[in-house]
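What follows is a set of notes on a single structure, which appears directly below.
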Amino acid sequence: MRTLQAAEVGDGALPDMGAVEVARRRVIVRDCARRSIRRRRLTGRTMQVICLIAVPIGVAPLVALVVATVSKGAGALSIGFLVHAPTPEGVPGGGISTAIIGSGEIVAYAVAMAVPLGLFVALFLFERPGPIASSIRFAADVMSGVPSIIIGIFAYAVYVEQFHRFSNVAAGFALGVLMLPIMIRANEEAMRTVSVDLWEAGISLGARRSRVARSVVLRGALPGVVTGNLLALARAVGETAPLLFTVASPTLAMTLLIFNDATQPFPDAQQTAWGTALVLLGLVLILSVAARTLAWTLNRKTR
Amino acid sequence: MKRHDDDQDEKLSPASDRRAHVDDRTALLVRETRTPAERGDPGPYGTAVTLEDVSITFGDHVAVRNVTLQMPARQVTALVGPSGCGKTSVLRAINRLHDHTGGAVRGSVRLGNLEVYGPDVQPEVLRSRIGMVFQRPNPFPTMSIFDNVISGLRFNGVRSKRLLREMGIAALHNAALWDIVKDRLHQPALRLSGGQQQRLCIARALAIEPEVLLMDEPCSALDPVATAKIEDLIRHLSSEVTIALVTHNMFQAARVSDNVAVFLLGDDRVGELVEVGPADQVFDSPSDARTKAYVTGHVG
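Here the protein sequences line up with chains A and B, keeping their order.
The first sequence begins at 143 in the working numbering and counts up one residue at a time.
The second sequence begins at 15 in the working numbering and counts up one residue at a time.
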């Protein structure tokens with residue numbers, strides 16, 4: 143849509159305002175509207191068709207991915223697969239219990255570190271705007287773009303090298319660093335959705351800033367905070383690179399197990415890799431659904 | 015709140031005096047009990063909008079029921095009543111906005127002789143004959159002042175630059191905004207004050223030269239000075255355009271309208287039209303007891 147230039151608008155001399163003039167202009171607009179309606183409808187229909195075509199094309203990769211993982215991984219699934227420890231190559235049976243437990247442990251460490259930190263940093267950004275907050279926000283934005291392999295090397299340097307051992311704590315630390323910037327930004331955005339009016343209402347009732355932050359800001363932002371944190375978590379669960387340098391054995395984390403077994407020539411190992419991929423996919427799905435459901439429930443409570 | 019008022023009425027003599035006075039006066043008047051709609055009196059220019067037995071429902075909820083109402087052309091018809099009694103729903107039925115909000119409209123709505131919900135009616139073409147102004151000023155924030163004014167013309171396929179310019183300027187004059195914005199037509203619309211933004215929205219609605227202008231509490235977000243300007247504008251515009259004005263301000267209705275339609279909530283929480291007629295008749299000698307209570311109770 144082009145903007146009319148000042149010269150084209152002219153001096154704005156008042157046109158004749160009589161009833162005849164009004165009637166003339168009415169005829170012009172009705173005429174234009176009626177004559178152009180066919181073209182406008184056609185444009186609208188065309189756009190609708192393009193959108194309808196775009197939907198399956200956009201969704202197809204996702205569906206294909208799920209179908210492939212389920213069809214290749216379902217064969218490996220059994221109760222034993224989930225509860226038994228891995229067996230050495232060539233020995234039948236065995237499962238991925240160590241990897242599930244290991245991943246759970248790593249994620250627990252990551253959550254313990256990133257969730258409270260993310261919340262407090264976001265509260266600071268919200269409550270104390272200024273140059274410091276701006277630079278932290280900028281740093282968080284940059285951090286969320288850092289490739290995860292670099293975060294892995296970083297965790298290796300500050301933890302594994304210092305303590306001379308690989309451990310799930312180091313891996314949790316790496317994932318925590320990975321999640322932190324995402325959580326900070328999600329939390330802050332959620333707090334911004336709480337209107338200034340409510341904040342002022344709290345302050346004007348004589349509440350301390352910290353009390354308003356707790357009872358009004360945090361409570362109002364809770365659905366967004368929960369969703370944002372769970373989604374960041376779902377993303378971290380699937381990370382492999384930060385674990386490469388930090389976990390002691392590939393059998394101690396699901397993503398490492400997938401990478402390790404999938405690159406082996408033995409069909410059994412490949413089958414295990416697909417099975418593990420399916421379990422991981424299921425876990426991520428559960429986390430995402432939990433995030434949405436929880437946010438929905440929390441939102442509903444306010445109505 | 016309501017109970018509180020009643021208490022005061024009993025305690026303070028002036029209020030009950032006033033009510034008694036009104037009762038006396040209405041009793042003495044020889045009343046014309048039929049409404050213009052019932053008399054079939056269309057006003058000097060005919061009837062612009064006709065509603066016949068219109069009911070509007072949202073899912074299971076009936077918003078308003080059995081509304082029969084005629085809006086004489088080139089006059090201001092005020093739809094008044096408390097919140098939630100279906101005034102706005104009725105207004106939005108006229109330009110088929112309920113097509114997009116899931117409301118179901120039954121009965122007959124006519125623009126002139128055109129059946130608004132007729133099978134061959136194209137809603138877009140219909141709406142190019144009806145302008146609408148909303149509660150809060152809603153100029154398009156990404157457009158300049160002038161582009162806002164001519165946006166409706168562009169949406170309706172007007173492409174001639176000469177026409178766009180001419181009709182945009184005319185609309186700004188009609189909305190009494192030209193002198194204020196003539197030197198900053200290309201500034202963002204949001205730089206204007208609230209009252210000016212609302213007049214810009216009126217100009218935008220007027221640019222398509224509507225036959226009917228729907229106004230949904232256009233002053234509720236404005237201060238008294240801006241409100242007075244909009245009210246002047248409404249009076250002025252009604253010489254060319256039929257105006258349907260939703261307001262819960264009885265004084266505003268009394269100031270600007272030729273006809274008044276009073277909506278109230280029925281016993282079953284469904285809105286209904288209880289009285290319609292010339293403004294002076296509805297205010298001075300309402301024929302319906304509920305209207306009388308509402309009009310004289312200084313509610314709203």
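Here a beta-carbon is modelled for each residue, glycine too, at the ideal position from N, C-alpha and C.
The structure displayed is predicted, hence computed values, not measured ones.
On the DSSP bridge list, what partners appear for residue i?
{"i": "L287/B", "result": "F277/B"}
{"i": "G145/B", "result": "L227/B"}
{"i": "Q84/B", "result": "T64/B"}
{"i": "H75/B", "result": "F72/B"}
{"i": "E129/B", "result": "R124/B"}
{"i": "G117/B", "result": "F72/B"}
{"i": "P292/B", "result": "N273/B"}
{"i": "L259/B", "result": "A92/B, M229/B"}
{"i": "S346/A", "result": "DSSP output for S346/A lists no bridge partner at all."}
{"i": "P407/A", "result": "Bridge partners of P407/A: none, in fact."}
What does the Cβ neighbour count give for residue i, buried or exposed, with the cut at 16 atoms within 10 Å?
{"i": "G344/A", "result": "buried"}
{"i": "D230/B", "result": "buried"}
{"i": "H250/B", "result": "exposed"}
{"i": "F265/B", "result": "exposed"}
{"i": "V367/A", "result": "buried"}
{"i": "Y301/A", "result": "buried"}
{"i": "T115/B", "result": "exposed"}
{"i": "F268/A", "result": "buried"}
{"i": "P323/A", "result": "buried"}
{"i": "C233/B", "result": "buried"}
{"i": "V201/A", "result": "exposed"}
Identify which residue in the options has its Cα closest to the Cα of residue i.
{"i": "L425/A", "options": "Q413/A, L372/A, T439/A, Q412/A", "result": "L372/A"}
{"i": "F154/B", "options": "L251/B, R205/B, V226/B, R269/B", "result": "R205/B"}
{"i": "V212/A", "options": "F305/A, Q413/A, E330/A", "result": "Q413/A"}
{"i": "A240/B", "options": "L279/B, S207/B, V139/B, A221/B", "result": "S207/B"}
{"i": "I164/B", "options": "A221/B, H200/B, I144/B, Q211/B", "result": "A221/B"}
{"i": "L420/A", "options": "Y298/A, C174/A, L207/A", "result": "L207/A"}
{"i": "E223/B", "options": "H187/B, D74/B, T61/B", "result": "H187/B"}
{"i": "G290/B", "options": "L191/B, A268/B, A203/B, L83/B", "result": "It is Val, not Gly, that sits at residue 290/B in the sequence shown. It is L83/B."}
{"i": "G100/B", "options": "D294/B, V284/B, D67/B", "result": "V284/B"}
{"i": "S276/A", "options": "R361/A, V431/A, L440/A, I326/A", "result": "I326/A"}
{"i": "M333/A", "options": "V263/A, G380/A, G272/A, T388/A", "result": "V263/A"}
{"i": "T156/B", "options": "V119/B, Q201/B, L167/B", "result": "Q201/B"}
{"i": "L375/A", "options": "A241/A, P203/A, G260/A", "result": "G260/A"}
{"i": "D410/A", "options": "N329/A, G237/A, V205/A, V358/A", "result": "G237/A"}
{"i": "I194/B", "options": "E180/B, L214/B, M181/B, R176/B", "result": "L214/B"}
{"i": "G98/B", "options": "T261/B, G209/B, Q211/B", "result": "T261/B"}
{"i": "P384/A", "options": "S178/A, E247/A, F401/A, Y298/A", "result": "Y298/A"}
So with Cβ pairs under 9 Å, would you call residue i a contact of chain A?
{"i": "G73/B", "result": "no"}
{"i": "A184/B", "result": "yes"}
{"i": "N170/B", "result": "yes"}
{"i": "V139/B", "result": "yes"}
{"i": "S252/B", "result": "no"}
{"i": "S234/B", "result": "no"}
{"i": "E225/B", "result": "yes"}
{"i": "I222/B", "result": "yes"}
{"i": "R143/B", "result": "yes"}
{"i": "Q136/B", "result": "yes"}
{"i": "L167/B", "result": "yes"}
{"i": "L128/B", "result": "no"}
{"i": "L228/B", "result": "no"}
{"i": "M181/B", "result": "yes"}
{"i": "R124/B", "result": "no"}
For chain B, find out if any of its Cβ atoms is closer than 9 Å to the Cβ of residue i; answer yes or no.
{"i": "S276/A", "result": "no"}
{"i": "V338/A", "result": "no"}
{"i": "V162/A", "result": "no"}
{"i": "V151/A", "result": "Confidence is the limiting factor: at V151/A the pLDDT is only 48, short of 50, which leaves the residue's position unreliable, though a coordinate-based value still follows. It does; some Cβ of chain B falls within 9 Å."}
{"i": "R177/A", "result": "yes"}
{"i": "V171/A", "result": "yes"}
{"i": "C174/A", "result": "yes"}
{"i": "R356/A", "result": "no"}
{"i": "R187/A", "result": "no"}
{"i": "R167/A", "result": "yes"}
{"i": "R307/A", "result": "no"}
Ends of the beta strand (DSSP E) at residue i?
{"i": "R168/A", "result": "R168/A -> not in any beta strand (DSSP E); alpha helix (DSSP H) instead, spanning 161-215."}
{"i": "V90/B", "result": "90-94"}
Between which two residues does the alpha helix (DSSP H) carrying residue i extend?
{"i": "S103/B", "result": "101-108"}
{"i": "A312/A", "result": "310-334"}
{"i": "Y308/B", "result": "303-310"}
{"i": "R351/A", "result": "351-354"}
{"i": "H250/B", "result": "238-251"}
{"i": "H187/B", "result": "175-188"}
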